Amino acid sequence: MLAVHLVSFLFSKVQEEPNKEVDRFLQAMRLGDEQLKDISSLFLAEMKKGLSAESNAAAVVKMLPTHVRSTPDGSEKGQFLALDLGGSRFKVLCVKVREGKGVRRGRVEMHEKIFPIPQELLEGKGAELFDHVSESLKDFVHENNINMEKKHPLAFTFSFPCEQSSLGQGLLLDWSKNFHVRGVRGKDVVQALREAIDRTGGIDVDVLALVNDTVATMMTCGLDDQHCEVGLIVGTGTNACYMEELRHIDLVEGDEGRMCVNTEWGAFGEDGTLKDYITEFDREVDAASNNPGKQIFEKMVSGMYLGELVRLVLLKMAKLGLLFDGCVSSALRTRGKISTADVAAMEEYRNGLKNTRVILKALGLTPSPEDCVAVQHISTTVSLRSSNLVAAGLVAVLTRIKENRRLRTFRVTVGVDGSVYRTHPQYPKRLHGAVRRLLPECQVRFVVSERGSSRGAALVTAVAQRRVSLRQKVDEALSPLRLSIEQLQMVKAKMRAGLEAGLRQERRSEIKMLPSFVCQLPESSEHGEVLVLALEETFFKAFLVNFNKDPQEPQLQHKIYPIPAEITQGAGTEFFDHIAGCVSDYLDYMGIKKSHLPAGLLFPFPCDQTAVGEATLLSWTKGVRATDCEGHHVVRMLQEAIERRNEFELDVAAVVNDTVGTMVGCAHGDPRCELGLIVGTGTNLCYMEELKNIKWEKDDPTDREIQRMCINTEWGGLGDDGSLDEITTSYDVAVDRNSHNPGKQRFEKMTSGMYLGEVVRQTLLDLTRRGLLFRGHVTEALKTPGIFQTKYLSQTESDRLALLQVRSILQGLGLDCTCDDAIIVKEVCGAVSRRAAQLCGAGMAAVVDKMRENSGLDRLSITAGVDGTVHKLHPHFPRVLKETLTVLAPQCNVTFLTVDDSSVRGAALVTAGAAEKKV
Ligand code: BG6
Ligand code: GLC
Ligand code: GLC
Numbered sequence: 001m002l003a004v005h006l007v008s009f010l011f012s013k014v015q016e017e018p019n020k021e022v023d024r025f026l027q028a029m030r031l032g033d034e035q036l037k038d039i040s041s042l043f044l045a046e047m048k049k050g051l052s053a054e055s056n057a058a059a060v061v062k063m064l065p066t067h068v069r070s071t072p073d074g075s076e077k078g079q080f081l082a083l084d085l086g087g088s089r090f091k092v093l094c095v096k097v098r099e100g101k102g103v104r105r106g107r108v109e110m111h112e113k114i115f116p117i118p119q120e121l122l123e124g125k126g127a128e129l130f131d132h133v134s135e136s137l138k139d140f141v142h143e144n145n146i147n148m149e150k151k152h153p154l155a156f157t158f159s160f161p162c163e164q165s166s167l168g169q170g171l172l173l174d175w176s177k178n179f180h181v182r183g184v185r186g187k188d189v190v191q192a193l194r195e196a197i198d199r200t201g202g203i204d205v206d207v208l209a210l211v212n213d214t215v216a217t218m219m220t221c222g223l224d225d226q227h228c229e230v231g232l233i234v235g236t237g238t239n240a241c242y243m244e245e246l247r248h249i250d251l252v253e254g255d256e257g258r259m260c261v262n263t264e265w266g267a268f269g270e271d272g273t274l275k276d277y278i279t280e281f282d283r284e285v286d287a288a289s290n291n292p293g294k295q296i297f298e299k300m301v302s303g304m305y306l307g308e309l310v311r312l313v314l315l316k317m318a319k320l321g322l323l324f325d326g327c328v329s330s331a332l333r334t335r336g337k338i339s340t341a342d343v344a345a346m347e348e349y350r351n352g353l354k355n356t357r358v359i360l361k362a363l364g365l366t367p368s369p370e371d372c373v374a375v376q377h378i379s380t381t382v383s384l385r386s387s388n389l390v391a392a393g394l395v396a397v398l399t400r401i402k403e404n405r406r407l408r409t410f411r412v413t414v415g416v417d418g419s420v421y422r423t424h425p426q427y428p429k430r431l432h433g434a435v436r437r438l439l440p441e442c443q444v445r446f447v448v449s450e451r452g453s454s455r456g457a458a459l460v461t462a463v464a465q466r467r468v469s470l471r472q473k474v475d476e477a478l479s480p481l482r483l484s485i486e487q488l489q490m491v492k493a494k495m496r497a498g499l500e501a502g503l504r505q506e507r508r509s510e511i512k513m514l515p516s517f518v519c520q521l522p523e524s525s526e527h528g529e530v531l532v533l534a535l536e537e538t539f540f541k542a543f544l545v546n547f548n549k550d551p552q553e554p555q556l557q558h559k560i561y562p563i564p565a566e567i568t569q570g571a572g573t574e575f576f577d578h579i580a581g582c583v584s585d586y587l588d589y590m591g592i593k594k595s596h597l598p599a600g601l602l603f604p605f606p607c608d609q610t611a612v613g614e615a616t617l618l619s620w621t622k623g624v625r626a627t628d629c630e631g632h633h634v635v636r637m638l639q640e641a642i643e644r645r646n647e648f649e650l651d652v653a654a655v656v657n658d659t660v661g662t663m664v665g666c667a668h669g670d671p672r673c674e675l676g677l678i679v680g681t682g683t684n685l686c687y688m689e690e691l692k693n694i695k696w697e698k699d700d701p702t703d704r705e706i707q708r709m710c711i712n713t714e715w716g717g718l719g720d721d722g723s724l725d726e727i728t729t730s731y732d733v734a735v736d737r738n739s740h741n742p743g744k745q746r747f748e749k750m751t752s753g754m755y756l757g758e759v760v761r762q763t764l765l766d767l768t769r770r771g772l773l774f775r776g777h778v779t780e781a782l783k784t785p786g787i788f789q790t791k792y793l794s795q796t797e798s799d800r801l802a803l804l805q806v807r808s809i810l811q812g813l814g815l816d817c818t819c820d821d822a823i824i825v826k827e828v829c830g831a832v833s834r835r836a837a838q839l840c841g842a843g844m845a846a847v848v849d850k851m852r853e854n855s856g857l858d859r860l861s862i863t864a865g866v867d868g869t870v871h872k873l874h875p876h877f878p879r880v881l882k883e884t885l886t887v888l889a890p891q892c893n894v895t896f897l898t899v900d901d902s903s904v905r906g907a908a909l910v911t912a913g914a915a916e917k918k919v
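The following block contains the structure:
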């Protein structure tokens with residue numbers, strides 16, 4: 001305000017009648033706080049427009065995602081070459097970053113060399129500019145004896161707007177400032193640099209990160225001050241970046257954490273938003289620039305234009321006779337004759353007036369003392385407007401951070417660089433003052449980046465390098481879990497061989513191929529009521545199934561009884577006593593204890609059957625270990641338990657495997673259903689096989705007319721003879737070793753719900769031990785078997801779940817993880833479950849191809865009934881299963897069918913059929 005009064009006062013002194021015209025122009029450059037607040041809110045609106053996917057294309061403030069996700073934490077290290085292009089000086093540097101934790105922040109050593117860029121290159125061809133850059137780099141490397149035997153990582157500070165889809169790439173949107181190079185716009189500048197480096201030859205570098213100068217500045221200052229989350233440049237050009245919440249950046253996927261956004265605020269006003277604040281001089285500067293109509297805000301603010309603005313005001317005033325007695329020198333008429341350094345010199349505290357005189361004289365003018373005072377104040381008006389406008393922009397950025405954090409007061413550090421800020425004597429003070437005045441609730445600290453921004457670019461590159469090597473190591477560790485088509489073909493072939501061996505009843509066949517004595521798919525004529533007693537891993541469920549009302553849609557009434565672990569792990573008699581107790585309760589509950597309904601036992605374990613109702617348990621699988629049951633007759637064990645109770649009778653007419661139940665249950669609605677698949681706690685498959693292919697140990701007890709029978713493959717045993725060793729990982733070996741039945745059910749242990757969580761846990765343990773996860777910290781939680789249940793696997797991979805939620809799931813398990821950890825955990829879950837789905841697909845391909853060959857058809861179309869928690873709950877399992885099947889069995893068209901309680905319905909149908917035959 002002082003300046004305003006002084007200038008008006010001066011006009012009245014210099015001329016009797018002050019020229020209102022000119023005063024009006026200068027008046028337009030004086031912005032009061034209300035106007036600054038208005039500009040600030042206009043800019044805030046522009047920022048929002050740039051962030052949103054819908055309006056980004058039309059937004060002039062581009063809000064470019066930078067892919068820099070965190071400020072330095074001191075763990076960055078390494079030696080980097082760096083290029084710094086786009087400021088007032090082009091520099092090549094070598095930066096050494098040493099690791100440092102806590103208060104001992106990382107230390108940085110650097111040396112640099114400035115290389116001039118000939119004017120013609122600034123307006124020439126892109127290839128020539130990049131050749132110059134890469135030749136300068138080569139000179140620097142040689143002069144400094146940098147060992148070129150190994151590849152050097154390179155950080156590229158490039159102070160122009162680039163659209164980045166990763167750190168190591170960026171399409172130049174437009175040149176700005178004094179660069180006007182042909183053939184680069186819209187191209188990847190990293191690629192252009194790489195090509196130039198190849199042309200130059202003799203240097204081996206890896207361009208790992210492309211970083212805007214604002215970002216590099218923020219990172220540089222961030223090393224000393226963790227609150228630094230804004231980078232500001234007021235130099236040749238002007239711009240700011242800040243840490244934005246990822247969920248607000250529509251152009252980048254993911255919503256956890258933050259990312260630095262390069263606002264490219266120099267473009268503010270290109271669409272006329274600043275029309276109320278633009279002066280005639282601004283218009284003139286713009287019209288004479290390299291890029292008319294562009295970078296309007298930058299042209300009101302930055303070093304490239306400040307001197308020009310002053311010159312144009314002086315010229316106008318001289319022409320109007322308000323200065324220099326109306327004399328105009330040719331230098332004053334020449335573009336660029338007043339520089340920003342001149343502006344700074346004129347405003348120097350003690351020598352300002354003297355400097356002004358010298359500068360004006362050098363322009364061929366003869367200023368009076370009053371002229372010098374007037375010119376000094378014009379210069380002040382122009383530079384004060386600049387710092388005020390920057391303050392308005394910065395206040396918008398800080399307000400945005402404040403809104404994101406939902407805070408009323410907060411503390412933030414702004415890293416600053418640029419020749420105007422560094423060299424203009426009053427600029428920092430004015431800028432700080434204005435920001436504090438406009439946003440008193442923010443405690444803002446300004447930190448100048450003392451030795452340029454390249455330190456920060458090197459830090460970004462260090463993080464990029466660490467990520468690249470982490471990525472490689474994680475990929476390496478997970479590669480054994482990623483199966484190739486050839487490996488899946490091999491699994492299909494092994495499964496096929498196993499099926500054949502099992503059918504031939506070869507003694508030690510790993511796949512048992514158990515006849516189920518279910519030979520016909522059900523007809524819809526069942527009637528009456530049956531009981532289905534369904535055993536599961538930790539539950540027993542009793543169902544009353546009533547076909548009377550609607551044979552197509554029988555009614556199911558059920559009750560669930562938990563089976564405590566001590567029972568499944570205890571004595572066999574107690575196990576069956578427990579079941580008998582549950583049955584008794586259920587019959588009471590339903591009031592049918594005396595009704596002698598036929599019952600079917602849905603028994604999801606491998607049994608040797610000689611008839612539908614005759615089954616000998618071969619071995620327990622999954623988690624059940626009740627003693628003295630294997631090798632015994634299942635129905636008899638249950639009957640004996642019922643007899644021990646001596647209170648009711650039960651006629652168990654059928655023992656049905658869950659796969660068989662599922663197939664039959666689904667076939668009830670779709671007669672093409674000839675296959676049943678379970679991927680739940682365990683995994684197994686049954687299908688309809690030609691009787692002629694089944695070798696019987698005993699006399700053929702079946703009806704001669706019958707040609708096919710459902711075979712319960714018990715395919716979970718594939719690999720028990722070592723046939724899957726080629727694809728077995730150390731994680732699988734560990735899971736098997738810790739299981740109830742080591743060496744058994746190897747295929748099941750790679751594919752089913754009881755084990756997938758453990759495979760994931762073993763993988764996480766290994767990655768942690770290798771230092772790739774959880775900062776290498778093996779916690780008790782991670783060492784706890786079973787902590788990572790398969791349901792978490794499904795949840796973690798759900799597309800709807802944000803990483804934040806994944807993190808909270810893991811934290812709930814006591815696994816304290818960072819955002820990067822959560823990404824890796826999600827990836828591990830993905831690899832493990834994908835492999836499971838692919839293995840099931842490969843196994844199934846073997847089965848359906850065999851069925852197709854049995855049928856003698858070139859193409860087979862069938863339906864598969866499917867059930868099981870993994871298949872039902874996992875978000876990607878069914879899709880991957882189908883995809884694999886389509887690739888490995890291209891001649892078979894399989895429709896997957898899921899029916900609620902299909903296994904119970906199927907078991908009920910088999911039971912009803914068996915009971916009818918008995919009668
Ligand atoms: C420097 C950076 O520190 O600041 C440059 O390293 C950047 O890349 C510059 O452009 C901004 O200032 P000026 O005044 O050189 O444009
Ligand atoms: C220009 C560039 C921008 C850069 C700024 C400061 O505005 O477009 O990318 O950050 O100058 O150098
Ligand atoms: C186990 C059992 C098998 C059952 C499968 C699915 O593999 O051995 O009989 O079908 O789990 O429950």
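Here the sequence shown is numbered in the UniProt record's numbering, starting from 1 and rising by one per residue. Where is the CB? At the ideal position from N, CA and C, for every residue including glycine. Just so it is clear, the structure is predicted and the values come from calculations on it, not from any experiment.
Excluding the 5 residues flanking Arg-408 on each side, which residues of the same chain have their C-beta closer than 7 Å to its C-beta? Closer than 7 Å at Cβ, skipping near neighbours: Glu-441.
Assuming Gly-771 contacts Gln-745 (C-beta within less than 8 Å), just tell me the rounded distance between them. No, Gly-771 and Gln-745 are not in contact; Cβ-Cβ is about 33 Å, not under 8 Å.
From which residue to which residue does the alpha helix (DSSP H) around Ala-396 run? That run of the alpha helix (DSSP H) goes 369–405.
Which residue's Cα is closest to the Cα of Leu-81: Val-133, Asp-73 and Gly-676? Closest in alpha carbon position to Leu-81, among Val-133, Asp-73 and Gly-676, is Val-133.
Check: Thr-157 C-beta below 8 Å from any heavy atom of ligand 1: Thr-157: yes, Cβ under 8 Å from ligand 1.
Over what stretch of residues does the alpha helix (DSSP H) that includes Met-844 continue unbroken? Looking at the DSSP string, the run of the alpha helix (DSSP H) that includes Met-844 is 819–855.
Let's test the definition: count the other Cβ atoms within 10 Å of the Cβ of Pro-554 and tell me whether it reaches 16, buried, or not, exposed. The residue in question, Pro-554, is buried, as its Cβ has 16 or more Cβ neighbours within 10 Å.
So, at 6 Å on beta carbons, what are the nonlocal neighbours of Lys-96 in its own chain, with the 5 sequence-adjacent residues on each side left out? Counting only residues of its own chain and dropping the five nearest sequence neighbours on each side, Lys-96 has a CB closer than 6 Å to the CB of Gln-79 and Glu-109.
For Gly-231, which residues does DSSP report across the bridge? Answer is Cys-241 and Gly-415.
Alpha carbon to alpha carbon, what distance is there between Val-825 and Arg-466? Rounded to whole angstroms, the gap between the alpha carbons of Arg-466 and Val-825 is 18 Å.
Uninterrupted alpha helix (DSSP H) stretches inside the region 636–709 (no shorter than 4 residues): Listed in chain order, the complete alpha helix (DSSP H) runs (minimum 4 residues) inside the region 636–709 are 658–667.
May I ask you to check if the CB of Pro-367 is nearer than 8 Å to at least one heavy atom of ligand 2? No, the beta carbon of Pro-367 sits no closer than 8 Å to any heavy atom of ligand 2.
Between which two residues does the beta strand (DSSP E) holding Gly-78 run? Going by DSSP, Gly-78 is part of the beta strand (DSSP E) stretching over 78–85.
How many Å lie between His-5 and Arg-357 at the Cα? Since pLDDT at His-5 reaches only 46, below the 50 mark, its modelled position is unreliable, and no value is offered.
Who are the near neighbours of Leu-210 in its chain, counting only those whose CB is closer than 8 Å to its CB and skipping five residues on each side? Answer for Leu-210: Phe-156, Phe-158, Cys-162, Gln-164, Leu-167, Gly-168, Gln-169, Gly-170, Val-189 and Val-190, listed in chain order.
According to DSSP, is Lys-13 helix, strand or coil? At Lys-13, the pLDDT of 43 sits below 50, so the modelled position is not reliable; the number obtained from the coordinates is stated separately. In the structure shown, Lys-13 falls within a helical segment according to DSSP collapsed to helix, strand and coil.
For ligand 1, is there a heavy atom less than 8 Å away from the beta-carbon of residue 933? The requested residue 933 is not part of the displayed model; the chain covers only 1 to 919.
Enumerate in chain order the residues of its own chain whose CB-to-CB distance from Gly-502 is below 6 Å, with the five nearest sequence positions on each side excluded. In chain order, Ser-509, Ile-511, Lys-512 and Met-513 place their CB closer than 6 Å to the CB of Gly-502, counting only its own chain and leaving out the 5 sequence neighbours on each side.
Is the distance from the Cβ of Leu-499 to the Cβ of Lys-749 below 9 Å? No. Outside cutoff.
Does DSSP put Lys-177 in a helix, in a strand, or in coil? Per DSSP, reduced to three states, the secondary structure at Lys-177 is coil, with no helix or strand assignment.
Phe-543 beta carbon less than 9 Å from that of Leu-531: Yes, they are a contact pair.
Is it the case that the region 194–208 contacts the region 216–232, given that we only count it when at least three CB pairs across the two stretches are under 8 Å? No: fewer than three Cβ pairs fall under 8 Å.
Leu-488 beta carbon less than 9 Å from that of Thr-751: No, these two residues do not count as a Cβ contact at 9 Å.
Separation of Leu-309 from Ser-330, as counted between CA atoms: Here the C-alpha atom of Ser-330 lies approximately 17 Å from the C-alpha atom of Leu-309.
What would DSSP say about Asn-741, mapped onto helix, strand or coil? If DSSP states are grouped into helix, strand and coil, Asn-741 belongs with coil.
Where are the alpha helix (DSSP H) runs, 4 residues long or more, that stay fully inside the region 715–772, in chain order? Fully enclosed alpha helix (DSSP H) runs of 4 or longer: 730–737, 746–751 and 753–769.
From Val-420 to Phe-446, what does the alpha carbon distance come to, in whole angstroms? Straight-line Cα distance between these residues: approximately 15 Å.
Pair within 9 Å by beta-carbon distance, Val-261 and Leu-64: Note that the C-beta distance between Val-261 and Leu-64 is below 9 Å.
Specify whether the region 617–634 and the region 862–874 touch according to this definition: at least 3 beta carbon pairs, one from each stretch, less than 8 Å apart. Cβ pair count under 8 Å is below three, so no.
The region 417–434 touching the region 57–72, judged by at least three CB pairs closer than 8 Å: The region 417–434 makes no contact with the region 57–72: fewer than 3 CB pairs, one atom from each, lie closer than 8 Å.
Do you know offhand how far Ala-396's Cα is from Ala-434's? The C-alpha of Ala-396 lies about 13 Å from the C-alpha of Ala-434.
Cβ-heavy atom distance between Glu-714 and ligand 3 below 8 Å? Taking non-hydrogen atoms of ligand 3 into account, the C-beta of Glu-714 is found less than 8 Å away from one of them.
Identify which residue in Ala-599, Ser-619 and Ala-374 has its Cα closest to the Cα of Asp-608. The option with the nearest alpha carbon to Asp-608 is Ser-619.
Just to confirm before moving on: does the CB-CB distance between Ile-378 and Val-313 stay below 9 Å? In this structure, Val-313 lies closer than 9 Å to Ile-378 by Cβ.
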